[in-house]
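Accompanying notes for the structure given below.
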Amino acid sequence: AQKVTQAQTEISVVEKEDVTLDCVYETRDTTYYLFWYKQPPSGELVFLIRRNSFDEQNEISGRYSWNFQKSTSSFNFTITASQVVDSAVYFCALTLNTNAGKSTFGDGTTLTVKP
Amino acid sequence: KAGVTQTPRYLIKTRGQQVTLSCSPISGHRSVSWYQQTPGQGLQFLFEYFSETQRNKGNFPGRFSGRQFSNSRSEMNVSTLELGDSALYLCASSLWVITDTQYFGPGTRLTVL
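Order-wise, the sequence lines are chains A and B. When we follow this note's numbering, the leftmost residue of the first sequence carries the number 109, and every step to the right adds one. When we follow this note's numbering, the leftmost residue of the second sequence carries the number 4, and every step to the right adds one.
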């Protein structure tokens, strides 16, 4: 069975600080996909990134960057120069690439960015 | 392109009743997945539909069911509602498979009294 652990339940930072959200996953499958989503107070999950298990390249998108390390089964997310609008709950998810594929989400990390 | 839409947005039911939630995926998307989000259990996968067939199912009792129509619209049904079914029900659509990027709707907030 697969599992996603987001050990940080809540993080609070001051605007312009950098912040890293941790995600550790477990699966025996060799082919899988990892995702990050943002859930603002409105409730709708917003897609941030999708990464397959064979692509360990780190990715940067504006102030967002992701560090995927298969050796430690981690897929961490860093926000550089955080802003108040980054305040939200962030979810990491794992989806298997099989006929029984299903998505497993972590419990989420609530990020509060204070002005 | 219009996003994923879900109706109704809010629903209040009493124990023992049944409820039907609706989801319209992004045009052209064939895969529709449903999730339940509660404070205690977090986000949990309910099921995925593709071409009117349930392709994957999470660990939920048989009271939770769904279907998909030929236009990819999907409905989920919960029978004999329990207090613990109070949750935000999220629908997500993707192009072909659940491993494609999923786009989520705003959710239906179900309250069971």
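Cβ coordinates follow ideal geometry from the N, Cα and C atoms, glycine included.
Requested in this report: Count the other C-beta atoms from every protein chain shown that fall within 10 angstroms of the C-beta of Pro28/B, then say buried if there are 16 or more, exposed otherwise.
Outcome: buried
Requested in this report: Go through its chain and collect everything with a Cβ distance to Asn175/A's Cβ below 6 Å, but skip five positions before and after it.
Outcome: Asn166, Asn184
Report task. Compare the C-beta of Asp215/A with all C-beta atoms of chain B and state if any pair is closer than 8 Å. Result -> yes
Requested in this report: For Thr102/B, return the contacting residues in chain A, with the cut-off set at a CB-CB distance below 7 Å.
Outcome: Tyr141, Thr203, Asn205, Gly209
**Report entry** Interface residues of the region 82-108 of chain B facing chain A [CB-CB below 9 Å]
**Finding:** Leu91, Leu93, Ala95, Val100, Ile101, Thr102, Asp103, Thr104, Gln105, Tyr106, Phe107, Gly108
**Report entry** Cβ-based burial, Trp99/B [other Cβ within 10 Å; buried from 16]
**Finding:** exposed
Requested in this report: Could you list which residues in chain B have their beta carbon closer than 7 Å to that of Leu153/A, in chain order?
Outcome: Leu93, Phe107
Query - Through-space distance from Arg136/A to Ala109/A, alpha-carbon basis - result: 8 Å
Report task. Whole angstroms is fine: what's the gap from Asn121/B's alpha carbon to Thr217/A's? Result -> Because chain B in this structure spans residues 4 to 116, residue 121/B falls outside the shown range and cannot be described.
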